[in-house]
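**Student:** Chains as they are written, first to last, in the working numbering: chain A, 2 to 438; chain B, 2 to 438; chain C, 2 to 438; chain D, 2 to 438.
Where is the CB? At the ideal position from N, CA and C, for every residue including glycine.
Pasting the structure below:
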């Protein structure tokens, strides 16, 4: 095949002063930050669905994307051709990992068997290209939301046949992920929720979902898959309400059904926001539970109530994200998957490069700013000092669970009143933060 | 003391055709619904803070409320007089329960000891009036958010002295609640959260909060208090983010720290909404975890991003709430506490009656509509039928955990495709719902 | 052609006690309310796009709708067949009016000329069925948002060729609307806005839009079209921001460019909500400017940030809407167009009936409740009395513009302070409102 | 009086490398940007209400602020002392302008006359300090929202006496503003709106408000005040809905009542956001109408639904704001008023300095970045090029109003289809933007 992007060469790092639109100004893969190459901190992944299958269609608009290699069919030939284009893109944009849903790499067949067969053909092709290029699979997943059979849910469907069908689809997707050396497998429950509580048995649906995930964890062990299993929370859209609403809600579910030992979280910036949180918040919650597996890197629009999946170009968001990643000691099997799509109006192939460069450069800068803030140390020191009263004898006893209300009341009566307060200094801390940008 | 509401007599039930503004049109305390008197279904409580201490002040406005009995001081005399007025109000409006914070019934002293003493004086007066009138305490709580010492948190304060002080305050409030025969004790963590993650150690704060609640549960057992301990979730306001965000988040916290055996939830309609949920949703989540203790009955404004604490006058909200209460078999130690305040512009004493009548009548109607929907049975039957495929052999085996992915894949391959779907019929179900209004 | 809905007969009014799902319980077309038949108050219209072209597709899901008559093609034959089905539906559901976009009744051709020809064929068919059935066109419009050519706007496109193309499309749609006796023509500017201000010349775009609308008004006069021209506001979606944000914003635009004499507003419930308003509010704003032309009747979900276009089943919304309609003296050329779609999960043809019945019955009840509230008169009287101080000499002088600051200061100095306030009595008024439900 | 801030010296510019918390890193008053000193671009003003009267109180919390000079009384002596402290603060923080409400500088008296007298005393003191220091009044205003008499509105009160009283208060505030050489006078209608439409005559209230503003404009002319009159929009809070919702809504009102010749807009970042807009958007709308008078500089929290009035520390916000200001050619009588308050937890006097420094430095950087983006020119050029098709003959004829639908249809039929589209390149433009940060 001729090149899909004939006029675009491999994107290079040219430094902050370059005015070349098709060059990195900040992402320098092998540059060391805190002693580790940027690429190992960031572990960028490209999402197959947005990059290869995004066509610009939305509820009020027909497709817009120009993709010269596409016939927009669901043929196996087209599916194979897309693999080649995708690896050319990965190579040129300099991203080492990718993520996919079963159905965006390979077409759904008339029967499950046919779908499995299609998937095998494409999986072999992906394997071939992985081997040839050294690119790797960050995680795989099954698409359990587009097909009408899943309209009422997959693992939470009121129809037991749908549950069985979904199980079979996930089984296969796990197998292919395993074969391709995937470092993780993700469950995003886009249909696991409800449109109306009037027709929903919420408790029974959650019980079913737990059984589903238990079987998945069992199957992982059975086939010796060593990647991490992850749940990706989202509060709403497409459903009115989804069960894996946010980090805390998902952790509650995992704890309730004793699944926390088998699952961690794949957090997405735009999803955190739709749940009413900052990404920072949901990352803190996940990190505090030692359950942050990976990140879907994008950004939303604060004034829009749906998933805009924009490429991350806000330095505050990328810096806060990387502060969290550095704090937890970096990714092990996770990474930064660009679950981001070019705007419908950015319809040229070239825009795929502009957009990924935008995201990679903004994250590279976020990483460098985060490292600078950590090196500066003033914010961390402020926080440490803020809690220093807890480092004394009383604090330690409370933290060890060795005090009770009677003893604390005696101390409080003795004090009479608390006399020392410290300012929270939020404005000052925001200034220090800005100084590193 | 002369009457506080001299022109208002005890509010009576006069039926739907009455045009008397100071009469119930629907709340008929002893009328049986599903075989139980309305008052036992609803267990209304009046909140001392809004009814006696609400003055109409807000961030852009000075107090407006006319309260002829008030000198607006923090004297013990005034605090005692308020008790008398409050019980006159309870008597006239026909509400059997009430709820309070320590500091809205009795003034804060210069020292903790003085505050305790003040509280004892008022507690004795409350006891006296309870005995004289038969009114009861639904639940008590400690106000751990107004005083500057709690600006950074109480159980989550970075200052260990504040933690000790808060513990002493809660200990006392639990004791008084116990003495007054309270059926519950509530923790609303208005300051247990953060304004900025830049100065916050989220994990350490959560650990401290868990220790705090553990001590409270221990102390409950120690003093033999048999009321239920409850957490009241709220997502935000006053802080940017509060830890007890919503039902699921709070359950996650309780599970993580092994506190679920000791705590249930006190859910508030307006708080559920600020967290991005319907009250229905949060009730379903709590009921599914067998953890719905009590309800703060009010309503918010869907277009305002703060806690408006309006009296509940929306029949859809009250009906859905009562459907949930009936579904769980009714309250045991919980009830419907009107955590509702008259609008700042409804500043006359008479408005307190209009507002409570509005809330009580709307809930009485909600109860009757809910009972009608249950008797009608069409919605419940639809839901049962919707999941009927799960009642077969396959469904039962899955629910019992006796199936695995291999077996399900075989079944799915056999099927080839799922062929039967049922419509969700949302619009039809909404029509049936309306038919009972 | 055989019937599209063979098992469904014409929907009849059977009264509130009927349990027949396919009957009206409240909508009784000829029943008089305030001396006028219900059908003339409500003037229901059915939207061709949702009813005939809605397929259940959304961003995360493939089509779901079962439509036995459909081959889902864009052929003229299929387009003709849809007309027949549509009129069968109108007949059976008992709706007298309909609304359409050019492109949802007739397929886009390879050239504009071809599109015009297709449109003419379908227009003739629509005319034939109108004549045969007595059904009427409430309003027509051109679809200027689905086709990629309009991705950056139509009247506000940065490409002047697109502007010309859009003008030609609107010209034709106006002509067809005129031929079909349409009582109005609507402009919904789904693409007239921006995704990013970084690439947008807002002022120049608004100037172009004004020219566009000026030409449309000129053309209306030229062809003698006597229907009303209307703008339909929407704040966002599909774009980040649309220029016709809400009623007030659109009025500002119309005033600025001297277009208010030629245009009125077509308000939609769900759009008002996405702009942060209640429908009540936007109706008050439009009525105060004597500019409420027609209504798109639906409802949104307060917790979802996109246009859910649900059938209106909330009695508060329909009652408030009809209070507004009665207040302005009823529709002249406008009506209640169900810009509402069945949920994606309500995929059976039968659901189209359930949904329209739901909407029609809820509006019929809203009409009756509104009339009851008006007859009761207590709310209107309260409002009148609330402003009664303005009916005195001072108020009248101010209202006539005959007072100045000096004179008012003298009066105020004399008063010293305002001594009389009246309670707003919101809770009481909400109770009265509920009494009529 | 001894200094209020004895340990703080005049804040100096020390450059980006300084680690002195009490120094400017970017704001260098006399440094030229686009040929004009920074201070003349930015024209910072300090708001008296937040800086001198903010006590940290909120709906769930008592005051927290430590202000050693305060006795928290409403005495004239205290009011006089505050003036001295304020000018010490202005001097030390290096801000040349200030803004006030009548009632936050001088106490309300028992009668209007007394209030006037108090105000005169304080005005004289302000004058004295202005003369001594060279500080200037950016704008004055009357506080028409805190006092209970205004609970239902001031210019829109249902009580004509309240209207008269408000007029008298505004008259006096305009006089004092005039005496103090104020460059503007602002109307923020915090109570001009409604809590419930059930008790509101919206049309009559708007008519009254227009009369009020007309009299104000007349009085301005009468006394020869040459400052600009401005309306400050806010969508909600304290009321459910305020009439001056956003820029476009306010312009609509001004046009409707022929007041646009006399009034411009004072836009606030946080208010724009509460209305569902970016500040950028509302600035574009105001600038397009040549009606942007001045700016209230702060920022909100995207996830909180109330006015948080935070100091602006987001470089994107300040850069976009300054791009707008530079685009309109800079302020004439307007400026950047910090309508920003220190967090309740930043309670030390020192935090007032940290916060203002944060805001000033972030705006100084925003100004420099904006100038850099303009100098770079790539974004402006992209926009110009994007609309270049309009610069041809056809575009010019349309813009001049010389084309009609018939002529455009001919052109479109000739074209057949639009064949050229250009990508919107949003991601690329965002990258260019970031390059200047």
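Are the Cβ atoms of residue 296 (chain A) and residue 268 (chain A) separated by less than 8 Å?
**Tutor:** Result yes, Cβ atoms of residue 296 (chain A) and residue 268 (chain A) sit closer than 8 Å.
**Student:** Assign residue 343 (chain A) to one of three DSSP states: helix, strand, or coil.
**Tutor:** Three-state DSSP puts residue 343 (chain A) in coil, outside helix and strand.
**Student:** Near residue 214 (chain B), which residues of its chain fall below 6 Å by C-beta distance, leaving aside the five closest residues on each side in sequence?
**Tutor:** Counting only Cβ-Cβ distances below 6 Å, and skipping sequence neighbours, we find 260.
**Student:** Strictly by DSSP, which residues pair up with residue 24 (chain B)?
**Tutor:** Beta-bridge pairing links residue 24 (chain B) to B:13.
**Student:** What residues in the segment 98-129 of chain B have a beta carbon less than 8 Å from any beta carbon of chain D?
**Tutor:** So the list is empty, because no residue satisfies the distance condition.
**Student:** Could you have a look at residue 419 (chain C) and say whether DSSP puts it in helix, strand or coil?
**Tutor:** Residue state, collapsed to three classes: coil.
**Student:** At a Cβ threshold of 8 Å, is residue 309 (chain A) touching chain B?
**Tutor:** No - not a single Cβ of chain B is within 8 Å of the one on residue 309 (chain A).
**Student:** Compare the C-beta of residue 204 (chain D) with all C-beta atoms of chain C and state if any pair is closer than 8 Å.
**Tutor:** It does; some Cβ of chain C falls within 8 Å.
**Student:** What is the DSSP secondary structure of residue 56 (chain D), reduced to helix, strand or coil?
**Tutor:** Here residue 56 (chain D) sits in coil by DSSP.
**Student:** According to DSSP, residue 272 (chain D) sits in a beta bridge with which residue or residues?
**Tutor:** Residue 272 (chain D) is not bridged to any residue.
**Student:** Check each residue of the segment 282-307 of chain D: if its Cβ is closer than 8 Å to any Cβ of chain B, include it; give the result in chain order.
**Tutor:** Answer set for the segment 282-307 of chain D: 302, 304, 305, 306, 307.
**Student:** I want to see whether chain C comes within less than 8 Å of residue 222 (chain D), judged by CB atoms only; does it?
**Tutor:** Residue 222 (chain D) does not count as touching chain C.
**Student:** For the alpha helix (DSSP H) holding residue 114 (chain D), just list the boundary residues, first then last.
**Tutor:** Residue 114 (chain D) -> alpha helix (DSSP H) spans 113-134.
**Student:** Measure the Cβ-Cβ separation of residue 28 (chain C) and residue 87 (chain C) and say whether it is below 8 Å.
**Tutor:** For residue 28 (chain C) and residue 87 (chain C), no; Cβs fall outside 8 Å.
**Student:** Which residue marks the beginning of the beta strand (DSSP E) containing residue 137 (chain D), and which one marks its end?
**Tutor:** That run of the beta strand (DSSP E) goes 137-142.
**Student:** Buried or exposed for residue 17 (chain C), going by 16 or more other Cβ atoms inside 10 Å?
**Tutor:** So residue 17 (chain C) counts as exposed.
**Student:** Could you name the residues of chain D that residue 406 (chain C) contacts, counting a contact when the two beta carbons are closer than 9 Å?
**Tutor:** In chain order: 168, 169, 171, 172, 175, 216, 217, 219, 220, 223.
**Student:** Which chain C residues are close to residue 391 (chain D), counting only those with a beta carbon under 8 Å from its beta carbon?
**Tutor:** What residue 391 (chain D) touches in chain C: 159, 161, 205, 209.
**Student:** For residue 193 (chain C) versus residue 245 (chain C), is the C-beta spacing smaller than 8 Å?
**Tutor:** Taking 8 Å as the Cβ cut-off, residue 193 (chain C) and residue 245 (chain C) qualify as a contacting pair.
**Student:** If the cut is a Cβ gap below 7 Å, which residues of chain A does residue 22 (chain D) touch?
**Tutor:** 429, listed in chain order.
**Student:** With residue 309 (chain D) and residue 363 (chain D) assumed to form a contact (beta carbons below 8 Å), what rounded beta-carbon distance in angstroms separates them?
**Tutor:** Incorrect: roughly 16 Å between the Cβ atoms, too far for contact.
**Student:** Could you tell me whether the Cβ atoms of residue 284 (chain D) and residue 325 (chain D) are closer together than 8 Å?
**Tutor:** Against a cut-off of 8 Å, the Cβ pair of residue 325 (chain D) and residue 284 (chain D) comes out as a contact.
**Student:** Residue 50 (chain B) by DSSP, collapsed to three states: which one?
**Tutor:** Residue 50 (chain B) falls in the helix class under three-state DSSP.
**Student:** Kindly give me the distance between the Cβ atoms of residue 322 (chain A) and residue 294 (chain A), rounded to whole angstroms, as I take these residues to be in contact under 8 Å.
**Tutor:** Rounded, the Cβ-Cβ distance is 14 Å, inconsistent with contact.
**Student:** Counting only the same chain and skipping the five closest in sequence on each side, list residues whose C-beta sits under 6 Å from that of residue 241 (chain B).
**Tutor:** Answer for residue 241 (chain B): 196, listed in chain order.
**Student:** Taking the alpha-carbon of residue 227 (chain B) as reference, which of B:184, B:243, B:394, B:348 has the nearest alpha-carbon?
**Tutor:** Measuring from the Cα of residue 227 (chain B), the nearest candidate turns out to be B:184.
**Student:** Give the interface partners of residue 380 (chain C) over in chain D, defined as CB-CB distance under 9 Å, in chain order.
**Tutor:** The contacting residues are 199, 200.
**Student:** Using the C-alpha atoms, what's the distance from residue 145 (chain B) back to residue 167 (chain B)?
**Tutor:** Taking the straight line joining both Cα atoms gives about 7 Å.
**Student:** If residue 410 (chain A) and residue 169 (chain B) are in contact, beta carbons under 8 Å, what's the gap, nearest whole angstrom?
**Tutor:** About 4 Å; that satisfies the 8 Å criterion.
**Student:** May I ask you to report which of helix, strand or coil DSSP gives residue 197 (chain C)?
**Tutor:** Residue state, collapsed to three classes: coil.
**Student:** Can you give me the Cβ contacts of residue 159 (chain B) inside the same chain, cut-off strictly under 6 Å, excluding the 5 residues immediately before and after it?
**Tutor:** Closer than 6 Å at Cβ, skipping near neighbours: 153.
**Student:** Answer with yes or no whether the minimum CB distance from residue 1 (chain A) to chain D is below 8 Å.
**Tutor:** Lying before the first or after the last residue shown, residue 1 (chain A) is absent from chain A, which here runs from 2 to 438.
**Student:** According to the neighbour-count rule (16 or more other Cβ atoms, all chains shown, within 10 Å of its Cβ), is residue 281 (chain D) buried or exposed?
**Tutor:** Label assigned to residue 281 (chain D): buried.
**Student:** Check this for me: beta carbons of residue 171 (chain D) and residue 124 (chain D), under 8 Å apart or not?
**Tutor:** Not a contact, by the Cβ cut-off of 8 Å.
**Student:** Quick one: Cα of residue 74 (chain D) to Cα of residue 82 (chain D), how far?
**Tutor:** Cα to Cα, residue 74 (chain D) sits roughly 11 Å from residue 82 (chain D).
**Student:** Measure from the C-beta of residue 256 (chain D) to each C-beta in chain C and report whether the shortest distance is under 8 Å.
**Tutor:** Judged by the 8 Å Cβ criterion, residue 256 (chain D) is in contact with chain C.
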